[in-house]
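Heads up: the sequence shown runs through residues 2 to 195, numbered per our numbering.
Glycine included, C-beta positions come from ideal geometry on N, C-alpha and C.
Please read all numbers here as calculations on a predicted model, not as lab measurements.
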Amino acid sequence: MAHELPILPYPYNSLEPHIDEQTMRLHHDKHHLAYVNGLNNAEAKLAEARLKGDYSLVKHWEREAAFHGAGHFLHCIFWENMSADGGLPSPELKKAIDSKFGSFDAFMAHFKAAGAAVEGSGWVLLVQNTMTKALEILTAEKHQDLSQWVVTPLLACDVWEHAYYLKYQNNRGAYIEAFTKVINWNDVSKRLRS
Ligand code: MN3
2 MAHELPILPY PYNSLEPHID EQTMRLHHDK HHLAYVNGLN NAEAKLAEAR LKGDYSLVKH
62 WEREAAFHGA GHFLHCIFWE NMSADGGLPS PELKKAIDSK FGSFDAFMAH FKAAGAAVEG
122 SGWVLLVQNT MTKALEILTA EKHQDLSQWV VTPLLACDVW EHAYYLKYQN NRGAYIEAFT
182 KVINWNDVSK RLRS
């Protein structure tokens with residue numbers, strides 16, 4: 002089954018003025034689509050390699066599958082993580098945030114600082130450890146190398162330049178601030194596992 006570009010769960014302009022329509026169109030229709038196509042291509046090449054028993058390019062296609070696969074699935078979460086009217090963290094999520102970070106404000110300050118500090122392209126993520134159930138903030142400077150394997154992403158903020166450059170230029174901090182205005186806490190809360 003080929004992977005498909007998900008339909009954006011809201012109109013392209015619905016996150017204005019925080020995230021602009023032109024960025025959303027380019028980001029979803031061009032950048033995310035490239036990940037979907039890249040992942041499908043890598044999977045097809047790996048299937049072909051198995052069929053032929055020819056693994057001479059396996060390192061390349063495994064890297065392609067990791068790069069495009071990470072890009073595809075993180076963007077799927079990213080679109081759903083945003084909303085014009087995202088509500089508040091559920092009582093369970095609020096409790097988990099307070100327990101890990103001390104307070105919601107401390108969590109937000111940590112999340113924004115971690116995102117602004119990512120070198121080059123990458124992501125800042127709120128994740129849940131599947132062994133301990135505790136929350137953590139992690140950054141993925143190369144998203145194919147997302148550190149700590151036993152985590153579930155709950156909240157993903159794309160800090161690649163294509164996510165903000167049209168509107169915010171080099172001011173990534175202002176973009177992250179804007180992102181926090183459109184976080185869909187209903188969606189983030191739904192991803193938390195007890
Ligand atoms: Mn992106």
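Problem set entry | N-terminal and C-terminal residue of the beta strand (DSSP E) that residue 130 is part of | Annotation for residue 130: the continuous beta strand (DSSP E) segment containing it runs 124-130.
Problem set entry | Status (buried if at least 16 other CB within 10 Å, exposed otherwise) for residue 65 | Here residue 65 is buried. Its C-beta has 16 or more other C-beta atoms within 10 Å.
For this session: Quick one: grab the DSSP three-state call for residue 49.
Result: It is helical.
For this session: State the Cα-Cα distance for the pair residue 124 and residue 56, rounded to the nearest angstrom.
Result: So the two alpha carbons sit approximately 32 Å from each other.
Exercise. How would you label residue 49, buried or exposed, when you count the other beta carbons within 10 angstroms and need 16 or more for buried?
Worked result: Residue 49 comes out exposed.
Problem set entry | Euclidean distance between Cα positions of residue 193 and residue 53 | Approximately 42 Å between the Cα atoms of the pair.
Exercise. Quick one: what's residue 140 bridged to in DSSP?
Worked result: DSSP links residue 140 through a beta bridge to 125.
Problem set entry | Cβ neighbours of residue 176 in the same chain (closer than 6 Å, five flanking residues each side left out) | If the five residues before and after residue 176 are omitted, its C-beta is found closer than 6 Å to the C-beta atoms of 165, 169, all from its own chain and listed in chain order.
Problem set entry | residue 8 classed as buried or exposed, judged by whether at least 16 other C-beta atoms fall within 10 angstroms | Looking at its Cβ environment, which holds fewer than 16 other Cβ atoms inside 10 Å, residue 8 is exposed.
For this session: Use the C-beta contact count for residue 144: other C-beta atoms within 10 angstroms, 16 or more gives buried, fewer gives exposed.
Result: It is buried - the Cβ of residue 144 has at least 16 other Cβ atoms within 10 Å.
Problem set entry | Any non-hydrogen atom of the ligand MN3 closer than 6 Å to residue 161 Cβ | Residue 161: yes, Cβ under 6 Å from the ligand MN3.
Problem set entry | For residue 128 and residue 120, believed in contact at Cβ under 8 Å, the rounded distance | Wrong, their Cβ atoms sit about 19 Å apart, outside the cutoff.
Exercise. Any heavy atom of the ligand MN3 closer than 6 Å to the Cβ of residue 32?
Worked result: Yes, since a heavy atom of the ligand MN3 falls inside the 6 Å radius drawn around the Cβ of residue 32.
Exercise. Does the Cβ of residue 164 lie closer than 6 Å to at least one heavy atom of the ligand MN3?
Worked result: Because some heavy atom of the ligand MN3 lies under 6 Å away, the Cβ of residue 164 counts as near it: yes.
Problem set entry | Per-residue burial, residue 163 [other beta carbons within 10 Å of its own, 16 or more giving buried] | Counting the other CB atoms within 10 Å of its CB gives residue 163 a total below 16, which places it among the exposed residues.
Problem set entry | Top-ranked residue by Cα proximity to residue 74, from 4, 21, 12 | Relative to the Cα of residue 74, the nearest Cα in the group 4, 21, 12 belongs to 4.
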